[in-house]
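UniProt numbering applies: residue 1 is where the sequence shown begins, and numbers increase by one. Just so you know, even glycine gets a beta-carbon here, dropped at the ideal spot from N, CA and C. Only one structure is covered here, and it is reproduced in the block below.
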Amino acid sequence: MDHCTSPANGGREIFLLVERVTKKNIKVRFYELDDDDNLLWEDYGKFNDLDVHHQYAIVLKTPPYKNRDITSQANVYMELVRPSDNARSDTKTFTYIPMQSQGRPGSKRSRPNDFDSKDYDTPLSIGSDILPTTIQNISGDLDILNLAANLDSDDLLKAYTDINSDEFTKLYARFSNEYEPAALSSSDNSSNLSMDFPCNRENMQKSWCGSSGVKTYMANREYEVKTMRVYREISEFLKTHPKPQEIKNMVRYYLTNSKNESDWLNAFHMAVMLNNSRVINFFVKLIYLTQEFDLINIQSKQFGTVLHLATWCNNVELIERLILTCNADITKRDARFNTPLHIAAVEDAIGNALKMLLKAKDALKCINLENESGDTALHLAVKKKNFGAAQILCHCGADVDYRHKSNGFTALRFAVQNEDLFMVDFLLNEAKANPKVRDFSEVDPFQVVLHSQSLPKIQDLIEKYMEDNKISCDEISIKEEPEDDTSEDEMVISEQEIKIEPLDLPNLYQNVTNFTNECLEQVCSELDASGKWQDLAVLLDVEHLLRLQTFDENRSPSKQLLNYIIASNDGSVKEIRDFLEHLDEKNAVLAIDRMVQEMYSSSS
């Protein structure tokens, strides 16, 4: 399937590849169980007959989850159900995620790239200049934040509780030469600030802003104005000698009021996106001194937390302080359920940001978390051929054989798909990936390589690994001449063992248009005994015959049904055979296979 998540209100369109199904005899069931396997909720995917394509694919819309107001992901199960016999497919996991905020009923639809400046009124003139697009490295302006590494939580708490208003004012005065020029400057000289974006603006635009022609969040002058407005007001407030609690309230007010904005970005978020190191330092110090660490984890509507943004911008120094000093929560997700680890796996080519993120206290707990698309951080690193990130993640405990939720692919399978020889070598010989882990189509990476004509080096690599680790290589074709002295006893095949392999069926059934009398009698005998001839009628889309009661009660209903199907061309012998196999009528299938085998033998 192309999606493995859905908003809680449902309605997400999913393209699901399936084995042969009948459009009027298939359902897609979603359900949830408790710890004791008791059913908590179930519903079915929405689709009609026209959404079942050539019996091998279904396009459906997900049903709404039982609770549309969830605030965290909800894991459920999904399966295919055949109503005629209640047969069920293997169960797959599926995830419902919180809905994006739609605003209050009756309110105007928010526009993601526009701003309402009523909350941050400013006398400064708002320019319309687009910010520079040059990508620069992070400046080393955070050195003044070199806090003692050996401070524990008790020391930090004591530092906060002992501080009074006068001490805070002195602290501000100490750094006023750093803050005040920027805080009191007008829009005319604000261009002296470093406003180039350290992150990959093009990638962020593609990720969040859609097609070309849409303004990006980043290229907006109002970010600068709003950030500096908040920065200046807090700076002026500190000069009034406020009490510690008043300082806390002031900081909390400005950083938690962001949901009034259409994008939920507060001044701290904007400062990180603008790479304004002065304002970044200012907020980090305020949060550290007031111990209001939960402010670090406030989420914007799309980009996630400050830690997400610092990772986007590859700001390793800020990541370090957010994690080690301000207790940033690495398990927080952005709008697409990416953790900072997902972002680093794609954006961090060197690996320093990823290494720092993995020092967070809960990093190992979320190292295998999936995003909205079903990718773990390791999956993304392998897909993007980020060799360094893949190494770091594997060495820190990422599950190298974790299967992708939408298709069952492992990291090794993605590396094979990319024809990435070096990644395959690493995953096998260092990360110890299992080349025999199968996807949802029962195909493993070794089989993919084996049947490909363009991957000889990767095939040699996997075969050597399997041989060294004594992993079965049954699929390898052994190129040896057959023995000439095969005994006649070995050529004797029991009549019950004659069955045509599925791969041979299309060719052998092409000229078979009817049943022999002997075969028809055997098949009808089985169906009359089991009563599954009615299920067969449903599968063949002739259930109207059952409702109209057109069959003679004194004759075999199965024979009447099969004769009608063949005479009216409503189904071929092969279709009947396949449906009987679905209905688990093994003896009937064997009889038809034997009939076709005999026809083939007599004609050759």
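For residue i, three-class secondary structure by DSSP
i           : result
Met1        : coil
Lys499      : Confidence is the limiting factor: at Lys499 the pLDDT is only 44, short of 50, which leaves the residue's position unreliable and the question unanswerable from this model.
Ser525      : helix
His53       : strand
Ile97       : strand
Ala335      : coil
Ser139      : Interpretation of Ser139 is limited by its pLDDT of 33, a score under 50 that renders its predicted location unreliable; the figure taken from the coordinates is listed afterwards. Of the three classes helix, strand and coil, the one that applies to Ser139 here is coil, per DSSP.
Arg20       : coil
Pro242      : coil
Val214      : The pLDDT assigned to Val214 is 33, lower than 50, so where the model puts this residue is not dependable; a value taken from the coordinates is nonetheless given after this. Residue state, collapsed to three classes: coil.
Ser6        : strand
Ser477      : In this predicted model, Ser477 has a pLDDT of only 41, less than 50, meaning its place in the structure is not dependable; the value taken from the coordinates is given anyway. Coil, per DSSP.
Ala431      : coil
residue 626 : For residue 626 there is no data in the structure shown, the boundaries of the chain being 1 and 604.
Asn554      : coil
Asn297      : helix
Asn327      : coil
Val284      : helix
Asp37       : coil
residue 623 : Any answer about residue 623 is impossible in this case: the structure gives the chain only from 1 up to 604.
Trp264      : coil
Val596      : helix
Glu292      : coil
Tyr65       : coil
Gly408      : coil
Phe414      : helix
Tyr509      : coil
Asp188      : Low local confidence applies: a pLDDT of 37 at Asp188 is under 50, so the model's placement there is unreliable, and no value is given.
Arg403      : coil
Ser602      : helix
Ile70       : coil
Selected residue, minimal CA-CA separation from residue i, among the options
i           : options                        : result
Tyr254      : Arg221, Leu60, Glu292          : Glu292
Val437      : Trp41, Ser472, Arg229          : Ser472
Leu33       : Arg68, Asp43, Tyr77            : Tyr77
Thr5        : Ala411, Gln73, Ser89           : Gln73
Ile576      : Asn514, Asp35, Gln597          : Asn514
Asn563      : Pro340, Thr331, Glu521, Gln299 : Glu521
Lys285      : Ala353, Asn511, Ser454, Ile247 : Ile247
Gly11       : Lys24, Ile97, Leu40            : Ile97
Tyr465      : His241, Phe426, Ser454, Val306 : Phe426
Arg64       : Asp43, Val81, His53            : One point to set straight first is that residue 64 is Pro, not Arg, in the sequence displayed. With distances taken between Cα atoms, Pro64 lies closest to Asp43.
residue 606 : Ile343, Glu467, Asp348, Lys384 : Nothing can be reported for residue 606, as the shown portion of the chain is limited to 1 through 604.
Leu341      : Thr325, Asp2, Cys326, Lys359   : Lys359
Tyr288      : Ser454, Phe414, Asn327, Lys92  : Asn327
His3        : Asp51, Asp69, Lys92            : Lys92
Leu40       : Phe30, Thr305, Lys46, Asn48    : Phe30
Ser558      : Ala537, Arg88, Asp420          : Ala537
Asp49       : Ile70, Asn67, Thr22            : Thr22
Lys532      : Asn517, Phe551, Phe579, Asn281 : Phe579
Phe303      : Phe282, Ala335, Asn314         : Ala335
His308      : Thr290, Phe551, Leu354         : Leu354
Gly351      : Ala390, Leu539, Phe551         : Ala390
Strand pairing of residue i, partner residues [DSSP]
i      : result
Met78  : Phe30, Lys92
Ser235 : According to DSSP, Ser235 bridges with nothing at all.
Glu42  : Tyr31
Lys15  : According to the sequence shown, residue 15 is Phe rather than Lys. Looking at the DSSP assignment, Phe15 forms a beta bridge with Val59.
Pro340 : Looking at the DSSP assignment, Pro340 forms no beta bridge with any residue, so it has no partner.
Integer-rounded CB distance, given that residue j should sit under 8 Å from residue i
i      : j      : result
Asp85  : Leu583 : 6 Å
Asp524 : Met595 : Looking at the sequence itself, residue 524 is Cys, so the reference to Asp does not match. Between Met595 and Cys524 the Cβ distance is about 13 Å, and since that is not below 8 Å, they are no contact.
Arg556 : Asp535 : Looking at the sequence itself, residue 556 is Ser, so the reference to Arg does not match. About 16 Å; that fails the 8 Å criterion.
Cys366 : Thr311 : With 8 Å as the limit, Cys366 and Thr311 do not qualify as a contact, their Cβ atoms being about 13 Å apart.
Cys394 : Ala431 : 4 Å
Ser300 : Leu265 : 5 Å
Val225 : Ala267 : Not a contact, Cβ separation roughly 11 Å.
Met423 : Lys385 : 7 Å
Glu526 : Glu585 : 6 Å
Val52  : Ile26  : 7 Å
Per the contact definition of three or more C-beta pairs closer than 8 Å, is the region 236-244 in contact with the region 265-278? Output reads no: the region 236-244 does not touch the region 265-278.
Would you check if the region 312-322 and the region 43-62 touch, i.e. whether three or more CB-CB distances between them fall below 8 Å? Cβ pair count under 8 Å is below three, so no.
Does the contact criterion of 3 or more C-beta pairs under 8 Å hold for the region 400-409 versus the region 368-388? In short, these stretches touch, since the Cβ pair count reaches three.
Three Cβ pairs or more, each shorter than 8 Å: is that satisfied between the region 440-449 and the region 405-423? Taking a cut-off of 8 Å on C-beta distances, the region 440-449 touches the region 405-423, as three or more cross pairs fall below it.
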